[in-house]
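Beneath this line is the structure, given in structure tokens, with notes to follow.
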Amino acid sequence: MGKETIYKSEEGKRFLNQHYENYINTFSFDVERIYVETSFGKTHILVAGPLEGKPIFIFQGGNCINPMTLSWFTPLIDKYRIYAPDTIGHPGYSDENRISAKDNSFAQWIDELMNYLNIDSSAFIGPSYGAGIILRLAAFMPNKIDCAVLVSPAGIRLGSKIKMIKDVLLPLVLFNATSLEKYLNKITGNMSDNSMRDIDKTIIGDVFKYTRLEQEMPKLTTRKELVNYSSPTIIIAGKKDIFFPESRLNKIAKEIVPNLTAFKTYNMGHFPSEEHLIKINNEIIEFLKENY
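Going by my numbering, the letters in the sequence shown line up with residues 1 to 292, in that order.
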């Protein structure tokens, strides 16, 4: 393998690409796939929904595969034109070099994608790391965002590092050393409040096993960075989210996001359950009706 790779082996890359294809095959809607050359590298984008629909960009969570995140928001595909890029430097078909989430790089990357697609501005949805990417765009190119949905967002505040070490990092070290399913079950249970789908659990295990994980979280956004950002924004957070718990996000989010129209809290982990996804999508649909 060359130096610009996130995979530990070619075999591991094949495994994860097969997971990607299998996930696409579970969708009940047509998915187009396009490649866009950017100054940060080649970007693979999944496209779905009616041609005449208003555009929505959906950014994947970190260290997972794009179709997994896209599957959370399938109720939007009947009405909206969805663009879901594989984040460069994360599992998927985009180039594998990392992009810094500390500066304006992600904003420039999104701007290049939008220019290619002839989209001046759009709605944006991002869970976890994907929300952190959207906040980088809000900081540097706020006019690109018509409205934003941030689910369990990175880029605002982190949860307890001690808890993350105990509940995720230590069992991850043991899982990588032994490949025992009990350690994977512990990690995924802690990440999802014991509600993660089996298909996702398997994929997360293979991401842990076969990739060099992205360990750098998106920069914590400041109030000053968002002084020119005025687009309607909703944040959806989980009380049991080990990475970005509602208790750490709520006060800070209201201080730094100028037009935070709603902050919704659910009794969920970082990965929402099927039941929570129904409620989340209903919230998003109502938010988009009012603000887009």
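All residues carry an ideal CB built from backbone N, CA and C; glycine is no exception. Note that the structure is a prediction, hence the values are computed from the model and not measured.
In this structure, DSSP gives residue 136 a helical state, which the three-state scheme calls helix. For residue 35, the three-state secondary structure derived from DSSP is strand.
Using a 10 angstroms sphere on the CB of residue 216, the tally of other CB atoms stays under 16, which defines it as exposed.
One alpha carbon belongs to residue 270, the other to residue 39, and they sit about 32 Å apart. DSSP, reduced to helix, strand and coil, places residue 154 outside both helices and strands of the structure shown, so it counts as coil.
A buried status is given to residue 57, since no fewer than 16 other beta-carbon atoms sit within 10 Å of its beta-carbon. Contact between the stretch 234 to 245 and the stretch 85 to 104 is absent, with fewer than three C-beta pairs closer than 8 Å.
Cβ-Cβ distances below 6 Å link residue 205 to 184 in the same chain, with the five nearest sequence neighbours on each side left out; the list follows chain order. Residue 125 and residue 212 have their C-alpha atoms roughly 26 Å apart. With respect to residue 64, residue 203 sits close: the two C-beta atoms are nearer than 8 Å. Residue 24 places its beta carbon 8 Å or farther from that of residue 75. Cα atoms of residue 264 and residue 218: separation of roughly 22 Å, rounded to the nearest angstrom. Excluding residues up to 5 positions away in sequence, 142 lie with their Cβ nearer than 7 Å to the Cβ of residue 228 in the same chain. One alpha carbon belongs to residue 108, the other to residue 13, and they sit about 27 Å apart. Unbroken beta strand (DSSP E) stretches of 3 residues or longer found wholly inside the stretch 85 to 132: 122 to 127, given in chain order. Between the stretch 162 to 182 and the stretch 135 to 153, the count of C-beta pairs closer than 8 Å stays below three; the two stretches do not touch. By the Cβ neighbour-count rule, residue 190 is buried, with 16 or more other Cβ atoms within 10 Å of its own. Taking C-beta atoms under 8 Å as the contact rule, residue 134 and residue 101 fail to qualify, at a distance of about 11 Å. Excluding residues up to 5 positions away in sequence, 49, 53, 55 lie with their Cβ nearer than 6 Å to the Cβ of residue 81 in the same chain.
Per the C-alpha coordinates, the member of 198, 257, 17 positioned closest to residue 273 is 198. In this chain, the beta strand (DSSP E) harbouring residue 261 covers 260 to 266. If you check the CB distance, residue 221 and residue 256 come in under 8 Å.
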